[in-house]
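Residue numbers (the working numbering): 2 to 150.
To keep things clear, I will list the structure first and then write my remarks on it.
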Amino acid sequence: MRRALLTPLLAAALTGCSFLGQDTPCTKVGGDSHVSAVWRPADFGGRDAARIRLCVDGTCEERTSGSPGDPFASLSVRLPDDIGASTVPVRLTVTSVKSGDTVVEDSTRARLKEQHPNGTSCPPTLWTATFRAHPDKGLTSPEGMKLPG
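Put into structure tokens, the structure is as follows:
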């Protein structure tokens with residue numbers, strides 16, 4: 002009797018099935034809610050020629066533009082885990098490292114999108130938005146961004 006009960010339990014455990022109705026086990030991919038900016042360092046000149054500053058809802062992060070030989074660079078501002086489906090103010094400022102002059106200044110509002118890195122029925126739930134930092138247009142969509150290959 003004991004053997005007859007253990008065999009189906011073992012089979013269920015090995016196939017990822019659960020008696021709680023979950024068909025597949027959750028992976029353990031983590032992440033944070035955030036707003037990001039991506040850019041091509043070559044768009045902003047020589048190595049670390051510009052300082053990129055991204056502010057979201059009053060919290061700011063910054064870094065230099067990177068090496069023109071790199072296909073892209075990015076910067077993210079972390080958001081509270083419980084931010085939910087909200088809209089947040091975003092501000093981009095790009096300054097020349099050499100002169101200190103502002104090269105790009107732009108602002109917009111980001112509508113956060115729900116993300117589930119481990120599947121819809123598994124935690125965590127992340128809220129994200131991504132923009133391209135464009136040297137002429139400021140904050141734009143990253144869609145269609147051609148990376149050198």
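All residues carry an ideal CB built from backbone N, CA and C; glycine is no exception.
Keep in mind that this is a model prediction, so the values were computed, not measured.
Can you tell which of the options has the C-alpha that lies nearest to the C-alpha of residue i?
i	options	result
H135	S122, P125, E106	E106
V91	P125, T28, A38, P69	A38
A130	R54, G47, D33	D33
D83	S100, T126, P143, P26	T126
S100	V36, S142, D49	D49
T28	M146, T141, D137, G120	G120
D58	L113, A43, G31	L113
S142	G31, V36, V30, P26	V36
V98	K138, F73, G67, R133	G67
S87	P69, F73, E115, T96	E115
I53	T96, L140, C123	T96
G70	G47, P118, G31, M146	G47
W40	D137, R133, L140, K138	R133
L140	S122, W128, A111	A111
DSSP has residue i in a bridge; who is on the other side?
i	result
F132	A38
P90	R110
L76	A38
T103	T96
G145	Beta-bridge pairing links G145 to no other residue.
G139	H135
T28	DSSP output for T28 lists no bridge partner at all.
T65	R52
I believe residue i touches residue j by the beta-carbon criterion, under 8 Å. Please report the beta-carbon distance rounded to the nearest angstrom.
i	j	result
T109	T103	Not quite, the Cβ-Cβ distance comes to about 17 Å (not below 8 Å), so this is no contact.
P124	V30	That pair is no contact at about 10 Å.
For residue i, does the three-state DSSP call read helix, strand or coil?
i	result
A51	strand
G22	Since pLDDT at G22 reaches only 48, below the 50 mark, its modelled position is unreliable, and the value read off the structure follows with that caveat. Of the three classes helix, strand and coil, the one that applies to G22 here is coil, per DSSP.
T16	Model confidence at T16 stands at a pLDDT of 39, short of 50, so the residue's coordinates are unreliable; what they give is reported in the following sentence. T16 falls in the helix class under three-state DSSP.
>> Below 8 Å, how does it come out for the stretch 58-67 and the stretch 76-89: are there three or more Cβ pairs, yes or no?
In response: Short answer: they touch.
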